[in-house]
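Enquirer: Residue numbers (the numbering used here): 313 to 483.
Heads up, the beta-carbon is just placed ideally off N, CA and C, and yes, glycines get one too.
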Amino acid sequence: MNERIHLRASGFTLIEVMVVMILAGVVTLGLVGFYLNSQSTWIDGSSQALAQRDATTILESIASRADSAASVQLTAVPPDTVLEFYRVGSALPYYGFRWGQGAGEDSLLHQGPGSCNPDQGPVVPSVVERFSVTLDANPKVPVLHVASLRVRSATGQVVEVSSSFALRNAP
Numbered sequence: 313m314n315e316r317i318h319l320r321a322s323g324f325t326l327i328e329v330m331v332v333m334i335l336a337g338v339v340t341l342g343l344v345g346f347y348l349n350s351q352s353t354w355i356d357g358s359s360q361a362l363a364q365r366d367a368t369t370i371l372e373s374i375a376s377r378a379d380s381a382a383s384v385q386l387t388a389v390p391p392d393t394v395l396e397f398y399r400v401g402s403a404l405p406y407y408g409f410r411w412g413q414g415a416g417e418d419s420l421l422h423q424g425p426g427s428c429n430p431d432q433g434p435v436v437p438s439v440v441e442r443f444s445v446t447l448d449a450n451p452k453v454p455v456l457h458v459a460s461l462r463v464r465s466a467t468g469q470v471v472e473v474s475s476s477f478a479l480r481n482a483p
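1) Roughly how many angstroms separate the alpha carbons of R442 and R462, rounded to a whole number?
2) When the distance is taken between beta carbons, is V473 closer than 9 Å to R464?
3) Contact check, I374 vs V436 under 8 Å by CB: the rounded distance?
4) Looking only at C-alpha atoms, which of T467, N450, A459, A466 sits nearest to A478?
5) Can you give me the Cβ contacts of S380 inside the same chain, cut-off strictly under 7 Å, excluding the 5 residues immediately before and after it?
6) If you reduce the DSSP assignment to three classes, tell me which class A375 lands in.
7) With G412 as the anchor, note down where its beta strand (DSSP E) starts and where it stops.
8) In angstroms with no decimal places, state the Cα-to-Cα distance between E372 and D366.
9) Determine the direct distance from the alpha carbon of N349 to that of L395, and round the result to whole angstroms.
10) What is the rounded straight-line gap between the Cα of G401 and the Cα of A382?
11) Grab the span of the alpha helix (DSSP H) containing S427 for me, first residue to last.
12) Please classify T393: does DSSP put it in a helix, a strand, or coil?
13) Going by DSSP, what residues sit across from T387 in a beta bridge?
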């Protein structure tokens, strides 16, 4: 009675299947974590780039008005700041910028002809947290200093820039 039971090995054991599933799960979790981290980093970088673009657009808009202006009047009565640009020999401003943080204000930098009236809307869609401007009334060439322009993107990225503009058409 010497019967040999001859088993044929085919298929996988339950332990082998479980080990492969656990390893596949670990690799999948690693890839998902890497993807989510990369996506978050890209969104933050993209948001900061948009805020930088908006800050540059504001400075370029002010620069284009300052370049053709003979004089500028700065009215900074907290919480509002108003810039009015004047042409040579004119008593009326030809263009203006207005920024306010008071009740009912949207903290955006608005622009428009005259004293920003009629309001042509915000220069950029990003919120301006700080708009600090000074005027150097040099008799030869007046200089407008944007000491601090802080722009916040929709996701909270903050960009702060500054610049100076000479009024080349000063009499």
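Expert: According to the structure shown:
1) As a working note, residue 442 is residue 130 in the sequence shown. As a working note, residue 462 is residue 150 in the sequence shown. Taken atom to atom, the span from the alpha-carbon of R442 to that of R462 is near 5 Å.
2) Looking up residue 464 in the sequence shown gives position 152. Looking up residue 473 in the sequence shown gives position 161. The criterion of a C-beta distance shorter than 9 Å is not satisfied by R464 and V473.
3) As a working note, residue 374 is residue 62 in the sequence shown. As a working note, residue 436 is residue 124 in the sequence shown. About 12 Å; that fails the 8 Å criterion.
4) Walking along the sequence shown from the start, residue 478 turns up at place 166. With distances taken between Cα atoms, A478 lies closest to N450.
5) Taking the sequence shown and counting its residues from 1, one reaches residue 380 at position 68. Here the set comprises N481.
6) Taking the sequence shown and counting its residues from 1, the one referred to as residue 375 is at position 63. Three-state result, A375: helix.
7) Along the sequence shown, one-based indexing puts residue 412 at 100. Per DSSP, G412 belongs to the beta strand (DSSP E) from 407-412.
8) Taking the sequence shown and counting its residues from 1, one reaches residue 372 at position 60. Taking the sequence shown and counting its residues from 1, one reaches residue 366 at position 54. Approximately 10 Å between the Cα atoms of the pair.
9) Start at 1 with the first residue of the sequence shown, and residue 395 comes out as number 83. Start at 1 with the first residue of the sequence shown, and residue 349 comes out as number 37. The straight-line gap from Cα to Cα measures roughly 43 Å.
10) Position 89 of the sequence shown, counted from the first residue, corresponds to residue 401. Position 70 of the sequence shown, counted from the first residue, corresponds to residue 382. The C-alpha of A382 is placed about 8 Å away from the C-alpha of G401.
11) Your numbering for residue 427 matches position 115 in the sequence shown. Looking at the DSSP string, the run of the alpha helix (DSSP H) that includes S427 is 425-428.
12) Counting from 1 along the sequence shown, the entry for residue 393 is found at position 81. Here T393 carries a strand assignment [DSSP, helix/strand/coil].
13) Taking the first residue of the sequence shown as 1, we reach residue 387 at position 75. By DSSP's assignment, T387 forms a beta bridge with V394.
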